[in-house]
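So for the sequence shown, the working numbering puts the first residue at 4; every next one is plus one.
Below you'll find the structure, written out as C-alpha cells, and then a few comments.
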Amino acid sequence: MNSSLLALLLFIPLVGAAVCVLLPSRLAKGISLVTTLVGVGLAVLLYQTFEGADSDKMQLAWALPWIPTYGIKFGLAIDGLSFPLILLTKIMMPIAILASWGEERRLRAFAVCFLVLDFAMTGTFLATDIFLFYVFWELMLIPMILLIGVWGSQNRIYAALKFFMFTFTGSILMLVAILWMFLAHQTQFGFFTGEIAQFSKVLFSGTPVFMGFSSQDFVFWGFTLAFLIKVPLFPFHTWLPDAHVQAPTGASVILAAVLLKMGTYGLMRFSIPFCPEAFVKFIPILSTLSLIGIVYGAWVAFQQTDMKKLVAYSSVSHLGFVVLGLCALNREGLTGSVLQVVNHGVSSGALFLLVGMLYERRHSRQFEDFGGLAAVMPRYALFLVFVACSSMAVPGLNGFVGEFLILLGSFKAKPMWAYIAVSAALFGALYLLVMIRQVLFGPVTSGENKNLKDLSFRDWASLVPITIIILVLGIGPNVLLRKINPALDSFWKNALEKTTVKTGVTTMNIKRNTKRDKKV
C-alpha cells in the first residue's frame with residue numbers, strides 16, 4: 004500500500020473526473036465531493052505513513068519509464084518540503100467544492116475542472132522529474148482559466164486572459180531554464196536525465212556570458228521569475244486582484260490556498276538548490292521586492308471597500324513575508340516561511356470562503372452595503388472575527404507562529420528588514436479591523452440585510468475543519484514541524500555546500516547564521 008499511496012493520491016481525482024463525464028450531470032457535485040473526501044482520507048494515511056525523521060529524503064517513491072532515451076520518468080515521491088503542501092491541497096479541495104455547491108451552470112464541466120485541478124496540483128508537488136513537474140505546472144492553468152473565464156463574474160474573460168498571459172510568460176522562461184539545465188547536465192555527466200535531484204549537482208562557471216551575468220544567473224532568473232509571478236511578488240502581482248474578484252468562490256479558495264503556494268515551493272525546490280550562488284547574489288533585489296510587497300499590499304488593502312479585493316491584496320503582503328523569510332538565510336526564517344505558506348493557505352482560503360458566503364446571500368461585497376450583521380448573523384460574525392484574527396497573527400492562532408519566526412529570522416539577518424515588516428503588519432490589523440467594524444457592527448443600515456440567513460449546515464461543514472486547523476497549528480505547531488524539521492535542518496546546508504561566494508556582507512551573514520543554527 005505504501006508504495007502506491009502517492010499514485011492513489013494523484014490519480015483518484017482523475018478517476019473521479021472520468022466518472023463525472025460518464026454519469027448524469029446532476030450527480031457531478033456529489034461525485035466531486037466524495038472524490039475529494041477520499042483524498043482527505045488518503046492524506047490522513049499519508050500523515051501516519053510519512054517518516055518525519057527522514058523528511059530530508061524522498062519517501063514513498065513510485066516511478067515508471069516515460070521517455071527512457073532521455074532519462075525522463077513518470078516519478079513521484081514526497082519529502083519535508085512537499086508534505087505540508089500535499090496535506091493543504093487535499094484538505095482544501097472538498098471545502099472548495101462545498102463553497103461552490105450553489106453553482107448550477109454546466110455542473111459536469113465545473114466538477115471536472117475542479118478534479119483535474121486537484122490532479123495537476125498534486126502532481127506538481129509530487130513530481131521528481133523536472134519535465135513531469137513542468138507538465139503538471141502547465142496543466143493546472145487550464146482548469147483554473149476555465150473556472151475564471153466560464154463561471155466567473157462580469158469581467159471574467161479579461162481576468163482569465165490576464166492570468167494566462169502572466170503565468171504563461173513565466174512558464175516560457177522556466178522552460179528555457181529547464182532545457183539549459185538539462186543540456187548542462189548531459190555535458191558535465193555524459194548522460195541525460197530529468198531527475199530533479201540530479202540537477203542540483205550541476206556546477207556553473209562564474210564567468211560572465213552577457214552583460215556581466217553568468218550562466219547561473221540566467222538559469223536562476225528563468226526559474227525565479229516564473230515562481231515570483233505565481234507567488235505573486237511585487238511588481239508581478241497585478242493579475243491577482245482581477246483573478247480573485249472575478250473567480251467563483253471555490254476557485255478563489257483554491258487559488259489563494261494552494262496555487263499561490265506553488266511559487267514559494269518552486270523557489271525552495273528549484274531556484275535555491277539549483278543556483279545557490281545566484282540566490283545569494285540577488286538577495287538584495289529579492290528582499291527589497293519582498294519588503295515593498297509587504298508594505299504595498301497592506302497599504303492598498305487598507306484602501307479597499309470591496310471585501311474580495313481586500314483579501315486579495317492582503318495575500319500580496321502576506322506572501323511577501325514568506326519570500327523575506329527565505330532571504331534571511333537562517334533556520335528561523337525558513338521554518339517561518341514553510342509554516343506561513345500553510346497558515347496563509349488556510350486563513351486566506353477561509354476569508355474568501357466567508358466573503359463568498361456573504362455574496363451568495365446579498366450579491367454584494369461592498370462595505371457600504373452592510374453594517375450590523377453581527378446582530379443578524381451572529382454565527383457568521385463569530386467565524387469572520389476568528390479567521391480575521393488568524394490572518395492578523397493573533398497569538399494562539401496559526402498566523403502568529405509563522406510570522407513571528409519570519410520576523411525573528413529577518414532580525415537576525417538584517418534588523419531593518421524586521422522593522423519595516425513589523426510596521427506593515429500593523430496595517431494588516433487595521434484593514435481587517437476596518438472591514439469587521441463596517442460589515443459586522445453598528446446599526447443594520449439596509450432593509451435587505453435584516454432577513455439574511457445565518458450559517459447553513461453546508462457552511463458549518465466548510466468552516467469547522469478550518470477552525471480546527473487554525474487552532475491546532477496555533478497552539479501546537481509541532482504537529483506539523485516534527486514531520487518536516489529534518490528537511491528544514493538540511494535545506495541550507497545542502498544549498499550552501501555549492502556556494503563559492505567568498506566576500507560580501509550577505510555571505511558573512513550566511514556563515515554567521517549557520518553557526519547560530521548549529522548552536523540552536
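Don't be surprised by glycine CBs; every beta carbon is placed ideally from N, CA and C.
Bear in mind the structure is a predicted one, so any value in this text is a computation, not a measurement.
Expressed to the nearest angstrom, what Euclidean distance is found between the alpha-carbon atoms of MET61 and LEU231? Looking at the two C-alpha atoms, the distance is approximately 25 angstroms.
In chain order, what residues of the same chain have a beta carbon less than 8 angstroms from the beta carbon of ALA200, not counting five sequence neighbours either side? So the qualifying residues of the chain are MET61, THR131.
Express the C-alpha separation of GLY450 and GLY42 in angstroms, rounding to a whole number. Roughly 43 angstroms between the two C-alpha positions.
Is LEU182 closer than 8 angstroms to LEU129 when the C-beta atoms are compared? No, Cβ-Cβ distance for LEU129 and LEU182 is not below 8 angstroms.
VAL100 versus PHE216 - alpha carbon distance: The sequence given here places Ile at residue 100; Val does not occur at that position. The alpha-carbon atoms of ILE100 and PHE216 are separated by roughly 47 angstroms.
Going straight from the alpha carbon of LEU262 to that of LYS453, what length do you get? Taking the straight line joining both Cα atoms gives about 37 angstroms.
Secondary structure, alpha helix (DSSP H): runs of 4+ residues fully inside the stretch 255-315: Listed in chain order, they are 264-269, 279-284, 286-306.
Local conformation of PHE86 per DSSP, three classes: Collapsing the DSSP output to three states places PHE86 in a helix.
Distance, MET419 Cα to PHE117 Cα: The alpha-carbon atoms of PHE117 and MET419 are separated by roughly 43 angstroms.
Does DSSP put ASP245 in a helix, in a strand, or in coil? Collapsing the DSSP output to three states places ASP245 in a helix.
TRP242 and PHE166 - do their beta-carbons sit closer together than 8 angstroms? Less than 8 angstroms separates the beta-carbon of PHE166 from that of TRP242.
Are the beta-carbon atoms belonging to GLY352 and ALA259 less than 8 angstroms from one another? Going by C-beta atoms, GLY352 is nearer than 8 angstroms to ALA259.
Hey, is the stretch 89-103 in contact with the stretch 464-477, meaning 3+ C-beta pairs nearer than 8 angstroms? Yes: the two stretches touch, three or more of their Cβ pairs being nearer than 8 angstroms.
Just the C-alpha distance for GLN343 and VAL404, rounded to the nearest angstrom, thanks. So the two alpha carbons sit approximately 8 angstroms from each other.
Name the residue from ALA416, VAL298, GLN191 whose alpha carbon lies nearest to the alpha carbon of VAL283. Nearest of ALA416, VAL298, GLN191 to VAL283, Cα basis: ALA416.
Near LEU313, which residues of its chain fall below 7 angstroms by C-beta distance, leaving aside the five closest residues on each side in sequence? Only ALA304, GLN307, TYR434, MET438 meet the Cβ criterion.
Give me, in chain order, the residues of the same chain whose beta-carbon lies closer than 6 angstroms to that of LEU176; leave out the 5 immediate sequence neighbours on both sides. Taking LEU176 as the centre and dropping the five residues before and after it, the same chain places the C-beta of GLY225, LEU228, ALA229 closer than 6 angstroms to its C-beta, in chain order.
Which residues mark the beginning and the end of the beta strand (DSSP E) in which TRP65 is found? For TRP65, the enclosing beta strand (DSSP E) starts and ends at 62-70.
How big is the Cα-Cα spacing for TYR137 and GLY173? One C-alpha to the other measures close to 12 angstroms.
Give the secondary structure of GLU54 by DSSP, where H, G and I count as helix, E and B as strand, and everything else as coil. In this structure, GLU54 counts as coil in the three-state DSSP scheme.
Provide the residue(s) that pair with ILE81 in DSSP beta bridges, ordered along the chain. Bridge partners of ILE81: GLN62.
Which first and last residues belong to the alpha helix (DSSP H) in which VAL119 is found? Unbroken alpha helix (DSSP H) run through VAL119: 110-129.
Near LEU357, what residues of its chain come up, given a Cβ to Cβ distance below 6 angstroms and the 5 sequence neighbours on each side ignored? Within the same chain, Cβ atoms closer than 6 angstroms to the Cβ of LEU357 are found at LEU387, the five residues on either side in sequence being excluded.
Evaluate contact between the stretch 319-338 and the stretch 289-303, counting only Cβ atoms and requiring at least three cross-stretch pairs below 8 angstroms. These segments touch.
By Cβ distance below 8 angstroms, which residues in the same chain neighbour ILE15 in space, the five residues on each side in sequence not counted? For ILE15, where only same-chain residues beyond five positions count, the Cβ hits under 8 angstroms are THR38, VAL41, GLY42, LEU45.
Note down, one range per segment and in chain order, each alpha helix (DSSP H) of at least 4 residues found wholly within the stretch 391-455. Listed in chain order, the complete alpha helix (DSSP H) runs (minimum 4 residues) inside the stretch 391-455 are 401-416, 418-443.
On the CB-based measure, 16 or more other CB atoms within 10 Å of its CB, does PHE575 come out buried or exposed? Not covered by the structure: residue 575. The range shown for the chain is 4 to 523.
Residue-level contact to chain B via CB, LYS311, 8 angstroms cutoff: Going by chain labels, chain B is absent from the structure shown, which holds only one protein chain.
Might you give, ordered along the chain, the residues of its own chain that have their beta carbon closer than 7 angstroms to the beta carbon of PHE192, omitting 5 neighbours on each side? If the five residues before and after PHE192 are omitted, its C-beta is found closer than 7 angstroms to no C-beta atom of its own chain.
For GLU371, name the three-state secondary structure that DSSP assigns. Looking at GLU371 - three-state DSSP - the assignment turns out to be helix.
Cβ of VAL222 within 8 angstroms of Cβ of MET184? Between VAL222 and MET184, the gap from beta carbon to beta carbon is short of 8 angstroms.
Local Cβ density within 10 Å of CYS23, reported as buried at 16 or more and exposed below that: When all chains shown are included, CYS23 counts as buried.
Taking the alpha-carbon of MET147 as reference, which of ALA250, LYS204, LEU63 has the nearest alpha-carbon? Checked all of ALA250, LYS204, LEU63; the closest Cα to MET147 is ALA250.
Residue range of the unbroken alpha helix (DSSP H) whose run includes LYS233: Counted as a single uninterrupted DSSP element, the alpha helix (DSSP H) harbouring LYS233 occupies residues 218-233.
Straight-line gap, PHE407 to LEU178 (C-alpha atoms, nearest Å): Roughly 36 angstroms between the two C-alpha positions.
Could you work out which residue in GLY348, GLY328, LYS456, GLU371 is closest to ILE89 when comparing CA atoms only? Comparing Cα positions, the closest option is GLY348.
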